[in-house]
Amino acid sequence: MKRQLSGLIAMVLVFTVATSIFIYEWLHPNVNYPEAREGVLDARDWDFSQQGIIPLQGEWEFYKDQLLTPQDFADQGSELRAERSFLPVPGGWKKKVSDDGYGAGTYRLRLLVGDLGDYGFRAKKIRMSSHIYMGGQELGGTGQTALSDAGFVPSNLPFLGTVEVKDRTIEIIVQVASYRNLQGGLVQAPEFGPTADVMNRRDNARMADVIVITTLLVFGIYFAGMFRQWRQEPYLIFFSLFCWALGLFFSIDNEIVVANLVPSLSFLLLQKLLFILPYLAILFFIHYVRLYLSDRSGHWFKAFRWVSYVYLALLVLLPNDRLLILLWPGILLQIVAFGFIFTSVFRNRHHGVRIYYILLGVFFLIISWIFAQTRYQLALDSPYYIIVTLLLVVLSQSFLMADRIRGAFLRSERLAQQLLVHDRQKDEFLAKTSHELRTPLHGIINLSETLLENKKKPLAAEHRENIRLLHLIGRRLAGLVNDILDMNRIRYGQLDVQPKPVDLYVSTRFVMETLSIAPIKSGVRLADELPPALPLVLADENRLRQILHNLLENGLKYTDRGMVSISAERRGELLAVSVSDTGRGIPAEVMDDLFQPFFQHDEEGSHSRDGIGLGLSISKQLVELQGGQMHVESEVGRGSRFTFTLPIAWSGEHEAAAVTEIAEIDEYTGDKEYAEYKEFTAYQENLTPLSALPSASGGQEEKFHILIVDDEPSNLKVAMDAIASMGHTYTTASGGTEALEALRGKQKPDLVLLDLMMPGVSGLDICREVRSLHGLAELPVLMLTASGQTRDILAAFAAGANDILHKPFELAELRARVQSLLAMKSSSERAVRREMDFLQAQIPPHFLFNSLNALVGLSYNNVDKLRETIHHLTTYLRAKFMFVFHGDEVPLDRELELVRAYLAIEQLRFGQRLAVRYTIDEDAHCLLPPLTLQPIVENAVRHGIGQKPEGGTVDIIIRSADRGVEIVVEDDGAGMDEATLKRLEQGKAGGIGIGNVNRRLQMRYGRNLEIHSRPGKGTRITIYLTEERYVESHSD
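Going by numbering that gives the first Met the number 0, the first residue of the sequence shown is number 0, and it counts up by one from there.
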């Protein structure tokens, strides 16, 4: 579909450029003709034999309100010279001769030629009557000129006159009068040249008109004959009428060849036909296109059609002198008609190559229309090559007829092949599914049932409970496999659903997240417009997700630009859910077949077609099976809206309704599966809450603590047993909200086993919350999912999962993945601790040497300062050598004690070159990783202040912030350039101290140091710590 759209757009651009070039060359000819100046045109240097005839353009003498003859100029030449004015030719009279352009007057031109002989004068547009003299001889004219409306007779027929010139100065006099219909004037420059050349030009123009007229009338008869033989295709008669209307129009336009056949034809009738026939031709063509493409008539087109009828009625009823009022409205309506044609073509571009034939005809018609309108407005002659465009309009549609027959044959053959392929695929699919999936599942169910019913060797109570769960889970899995076969059962009304209260918002959010993983068109947005508070609906959750997925995916498929959205509203005891798109829309004629199995509106080869046409049919049947209805509203070019209803699960009532429905089905079918479904429901109701069970560790020493999150009790039980068998402790959560509370509790987990699909807060939401607080290595997440869809796997990893395991899983695989993630966590923590120990034990030799020298110096002159310095050095060394970790965090006050001791020793060494300022909020308290602040302060002293001979100041600012503490270490030392700063941010500079702090902050808080520095201005490093209680890790 995209390729066809690109082809159509390319054709539009090519024809637009070509038309523009043709019009430009037509309006700007390369020939430089001589022009008249003050009533004189000098053509003595013009070679008529080589260069052809010339247009008599330029400044003509004009005598207003006078109809003069050559004798008048001979007798009253001097008096008339005083009354003359000059008018440009070509040009009209409006605002020049009179305000409205009406009146009478005489044009006069003196033409200088180099040779004597026979010359011709040809005029096509002298409005609206004329009488012509040339070389002192009367040539004739058109209509009847007069000084008042009483004797005026309008006519706009072309005129040609010849005369033998005996003087090289030729006087040309043209009397013109116009009092109604159109403004007067020489709106098109007359042509002058040797008689033979002028007559040849007229004959060529007539021949071109005759060719066009004959072609159009013949093809009109041809298509009318085709319609007579093929009446089920009404577009043929409309194209025939189009050809006839255009043929008649060209017979009364340009050279008006019909006047040669009917000389007495009234000008008033000609003028009305010139207005009516072009509009009729365009109306016939638009009906032809829409009928050929089977395009429905929307409200806008129906309104346009009625406006067209009113416009044509006005053309018929209004007098001729009022027709000009309708000129521009008619042009506007014709432009709108072309807009409807293009809309229909683009909306039905899936028709394949046939659409290109129609588009070619449209373009050729538009080119002819543009040239006709330009010629009329500017009073120009059409170029001869323009007749080709009209012939191509007819020929392109003739080729279209042949291609339609060929396409019908190929389409029938293709559909037959498709039916065979689809039927074979259906049989293979059902056979393989039945054999490969149902058989082993039934084996599991039967074997577990045999174990449960064995009275001779009964199972132990603990094992019996596990086997019973295994049996019930196997039956549920068998039910999922049967869902695959439900496509075939739908056709026979044999599909059953298991309704229960379902949260529409949770199901919608999950479907939209899975859809967002797959590539979406760049111009399309997927929007959730569900209201914040929605009642639960009584539905089958899996079927509901299937319906939502089908409708949203369908909207994305057929929307090229805009939005696909989902909304809902309450309608009494029903909830109406709507999926809307701004796509191409659905024609009205296919609405009845839209929900039929295997129905697709688009033809094969369309890019948007990637299914077999079952999605909408299955969705509608599933909705009806759950007590709802589905319908569609669509407008071609505007989009579609699919709406389905589901019953609301009333509080206290839906449970009873569900139990009643199950009982009725069980009573009706007698199927054992429903009895076991009720047994499983009872088991869930009587099961002791798993979060209250003791964390059995088997008496072994606890190693790790695992958080298990799943809304299915059976899945929780399996995971609990697996974790307990590994010697670890666990905390369980049966929903997303409970899991979030556990994550914020006192006991920090070392691993999270997380179910992907849960009501309320989904597994994806919990995983994102975990990643907002903990890094991948600090708190691994193993996602569990019953879906094997690639989009679910991508969504899980995008949310921050370390690994994903499909249900049902082998216990050995679960243990192996858990052990692998825990080993990764332990390895990461050991690596950080080793680096911490190394950093803690690292004392710069020069610092110790300088400190000892300072102590020796103080022993001679300042014993009190000596004691103070020894105390600071002791504090510093104790922190480096004797720090015992009971956890991975220390109080802020303890870290500040180390910083103060270090800075006191450095101030003794630097003297006045090092100034320290503390700005600390009294209520700023938090825990932070040890040796976080001291390395940053040491870096400011050694690499900032130490690099400047004059020294500087170190500011330590600690203040309370939103849910945390902000620590700023700022110096006015040497600073860093951009390259050094970039290496530092990438961990490629800064030694052990800065890099270690960065890594620990990233692991603990999910953020790095904020570093700002300018050479010569200093450096500012900011740490943001959240206030949270320290919790011991169980990995030690």
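Virtual Cβ for every residue (Gly too), placed ideally from N, Cα, C.
Open item on the list: Please report the straight-line C-alpha distance between alanine 655 and serine 411, rounded to a whole angstrom.
Closed with: Position 656 of the sequence shown, counted from the start, is the residue given in the question as residue 655. Position 412 of the sequence shown, counted from the start, is the residue given in the question as residue 411. Summary for alanine 655: the model assigns pLDDT 33, below 50, so the residue's position carries little reliability; its value from the coordinates is reported in the next sentence. Whole-angstrom Cα-Cα distance: 54 Å.
Open item on the list: Let me check understanding here. Comparing Cα to Cα, which of Met590, Tyr178, Ser263, Lys947 lies closest to arginine 295?
Closed with: The residue you call residue 295 lines up with position 296 of the sequence shown. Cα-wise, what sits closest to arginine 295 is Met590.
TODO: Return the CA-CA distance between alanine 35 and aspartate 41, expressed in angstroms with no decimal places.
DONE: On the sequence shown, residue 35 is found 36 positions in, with the first residue counted as 1. On the sequence shown, residue 41 is found 42 positions in, with the first residue counted as 1. When rounded, the distance between both Cα atoms is 7 Å.
Open item on the list: Distance check for valine 16 and methionine 1046, CA to CA, integer angstroms please.
Closed with: Nothing can be reported for residue 1046: it is not among the residues displayed for the chain, which extend from 0 to 1035.
Task: Range covered by the beta strand (DSSP E) that runs through glycine 57 - done: Sequence index remark: in the sequence shown, residue 57 carries index 58 (1-based). Run containing glycine 57: 57 to 63, per the beta strand (DSSP E) assignment.
Task: Per-residue DSSP class, three states only, for isoleucine 255 - done: Locating residue 255 in the sequence shown gives position 256, where the first residue counts as 1. Correct three-state label for isoleucine 255: coil.
TODO: Classify asparagine 347 as buried or exposed, calling it buried when 16 or more other Cβ atoms lie within 10 Å of its own Cβ.
DONE: Translated into the one-based positions of the sequence shown, residue 347 becomes position 348. Counting Cβ neighbours within 10 Å, asparagine 347 comes out buried, since at least 16 surround it.
Open item on the list: Are the CB atoms of leucine 753 and valine 717 within a distance shorter than 8 Å?
Closed with: Here residue 717 corresponds to residue number 718 of the sequence shown, with the count starting at 1. Here residue 753 corresponds to residue number 754 of the sequence shown, with the count starting at 1. No, they are not a contact pair.
- [ ] Could you pull the start and end residues of the alpha helix (DSSP H) that glycine 329 belongs to?
- [x] Taking the first residue of the sequence shown as 1, we reach residue 329 at position 330. Segment 326 to 346, the alpha helix (DSSP H) holding glycine 329.
- [ ] Buried or exposed for alanine 795, please, with buried defined as at least 16 other CB atoms from any protein chain shown within 10 angstroms of its CB.
- [x] Along the sequence shown, one-based indexing puts residue 795 at 796. Classification of alanine 795: buried, given that the 10 Å Cβ count is 16 or more.
TODO: Pick helix, strand or coil for valine 496, following the three-state DSSP scheme.
DONE: Within the sequence shown, numbered from 1, the residue matching residue 496 stands at position 497. Valine 496: coil per DSSP, three-state reduction.
Task: Span of the alpha helix (DSSP H), counted from its first residue to its last, around glycine 1101 - done: A query on residue 1101 cannot be resolved here, the shown segment of the chain reaching from 0 to 1035 and no further.
Open item on the list: So, at 6 Å on beta carbons, what are the nonlocal neighbours of isoleucine 169 in its own chain, with the 5 sequence-adjacent residues on each side left out?
Closed with: Residue numbering aside, residue 169 sits at position 170 when the sequence shown is read from its first letter. Leu110, Gly134.
- [ ] Measure the C-alpha to C-alpha separation of arginine 814 and glutamate 768 and round it to an integer number of angstroms.
- [x] In the sequence shown, the residue the question calls residue 814 occupies position 815. In the sequence shown, the residue the question calls residue 768 occupies position 769. Cα to Cα, arginine 814 sits roughly 25 Å from glutamate 768.
Task: Minimum C-alpha distance to leucine 593 - residue among Val563, Met629, Arg570 - done: If you number the sequence shown from 1, residue 593 lands on position 594. Nearest option by C-alpha distance: Met629.
TODO: Assign threonine 105 to one of two classes, buried (16 or more other C-beta atoms within 10 Å of its C-beta) or exposed (fewer than that).
DONE: By one-based count along the sequence shown, residue 105 stands at place 106. By the neighbour-count rule (16 or more Cβ atoms within 10 Å), threonine 105 is buried.
Open item on the list: Give me, in chain order, the residues of the same chain whose beta-carbon lies closer than 8 Å to that of leucine 775; leave out the 5 immediate sequence neighbours on both sides.
Closed with: Looking up residue 775 in the sequence shown gives position 776. So the qualifying residues of the chain are Gly799, Asn801.
TODO: Hey, could you find the ends of the beta strand (DSSP E) phenylalanine 303 is sitting in?
DONE: Taking the sequence shown and counting its residues from 1, the one referred to as residue 303 is at position 304. No beta strand (DSSP E) contains phenylalanine 303, which is instead part of the alpha helix (DSSP H) from 298 to 316.
Task: Expected contact under 8 Å - CB spacing of glycine 246 and threonine 194 to nearest Å - done: By 1-based counting over the sequence shown, the position of residue 246 is 247. By 1-based counting over the sequence shown, the position of residue 194 is 195. Incorrect: roughly 32 Å between the Cβ atoms, too far for contact.
TODO: For valine 635, write down the residues that DSSP places opposite it in a beta bridge.
DONE: Looking up residue 635 in the sequence shown gives position 636. Looking at the DSSP assignment, valine 635 forms no beta bridge with any residue, so it has no partner.
TODO: Could you spell out the range, first to last residue, of the beta strand (DSSP E) harbouring tyrosine 32?
DONE: Start at 1 with the first residue of the sequence shown, and residue 32 comes out as number 33. Here tyrosine 32 belongs to no beta strand (DSSP E), and DSSP marks it neither H nor E.
Task: Contact set for phenylalanine 61: own chain, Cβ-Cβ below 8 Å, skip 5 residues either direction - done: What you label residue 61 is simply residue 62 of the sequence shown in a count that begins at 1. Around phenylalanine 61: Arg83, Ser84, Phe85, Leu86, Val96, Gly104, Thr105, Tyr106, Arg107.
Task: Supposed contact pair phenylalanine 266 and serine 129 - C-beta distance, whole angstroms, cut 8 Å - done: Here residue 129 corresponds to residue number 130 of the sequence shown, with the count starting at 1. Here residue 266 corresponds to residue number 267 of the sequence shown, with the count starting at 1. The Cβ separation is near 13 Å, so there is no contact.
Open item on the list: At the level of alpha carbons, what is the spacing between histidine 942 and threonine 1025?
Closed with: In the sequence shown, residue 942 corresponds to position 943, counting from 1. In the sequence shown, residue 1025 corresponds to position 1026, counting from 1. If you take the alpha carbons of histidine 942 and threonine 1025, they lie about 28 Å apart.
Open item on the list: On the DSSP bridge list, what partners appear for histidine 805?
Closed with: Residue mapping note: residue 805 aligns to position 806 of the sequence shown, counting from 1. DSSP lists Thr784 as partners of histidine 805.
- [ ] Starting from threonine 979, follow the alpha helix (DSSP H) in both directions and report where the run begins and ends.
- [x] Locating residue 979 in the sequence shown gives position 980, counting from the first residue. Here the alpha helix (DSSP H) through threonine 979 covers 977 to 984.
TODO: For glutamine 545, decide whether its Cβ has a neighbour in chain D, counting only Cβ atoms nearer than 8 Å.
DONE: Of the protein chains in this structure there is only one, and it is not chain D.
TODO: Using the Cα positions of serine 639 and arginine 569, report the straight-line distance between them to the nearest angstrom.
DONE: As a first step, residue 639 must be located in the sequence shown, where it is residue number 640. As a first step, residue 569 must be located in the sequence shown, where it is residue number 570. Distance between the alpha carbons of serine 639 and arginine 569 is about 21 Å.
- [ ] Take every Cβ of the segment 134 to 150, pair it with every Cβ of the segment 206 to 223, and state whether three or more of those distances are shorter than 8 Å.
- [x] no
TODO: Could you tell me the distance, in whole angstroms, from the CA atom of leucine 1008 to the CA atom of threonine 931?
DONE: In the sequence shown, counting from the first residue as 1, residue 1008 sits at position 1009. In the sequence shown, counting from the first residue as 1, residue 931 sits at position 932. If I take the Cα positions, the gap works out to 11 Å.
TODO: Tell me, please, which residues DSSP counts as bridged to proline 934.
DONE: The residue labelled residue 934 in the question sits at position 935 within the sequence shown. None, per the DSSP bridge assignment.
Open item on the list: Taking 7 Å as the cut-off, is the beta-carbon of lysine 301 closer than that to any non-hydrogen atom of the ligand GTP?
Closed with: With respect to the ligand GTP, the structure offers nothing, as it holds no ligand at all.
Task: Residue burial classification, lysine 454 (beta-carbon count within 10 angstroms, cutoff 16) - done: Residue numbering aside, residue 454 sits at position 455 when the sequence shown is read from its first letter. Looking at its Cβ environment, which holds fewer than 16 other Cβ atoms inside 10 Å, lysine 454 is exposed.
Open item on the list: Which residue marks the beginning of the alpha helix (DSSP H) containing glycine 219, and which one marks its end?
Closed with: Reading the sequence shown from its first residue, position 220 is the one you call residue 219. 194 to 228 is the span of the alpha helix (DSSP H), which, as asked, contains glycine 219.
Task: alpha helix (DSSP H) segment containing glycine 554, residue limits - done: Here residue 554 is taken as the residue at index 555 of the sequence shown, counted from 1. Per DSSP, glycine 554 belongs to the alpha helix (DSSP H) from 540 to 556.
- [ ] Can you grab the Cα-Cα spacing for the pair isoleucine 647 / valine 496, in whole Å?
- [x] Residue mapping note: residue 647 aligns to position 648 of the sequence shown, counting from 1. Residue mapping note: residue 496 aligns to position 497 of the sequence shown, counting from 1. In a straight line, the C-alpha of isoleucine 647 is about 16 Å away from that of valine 496.
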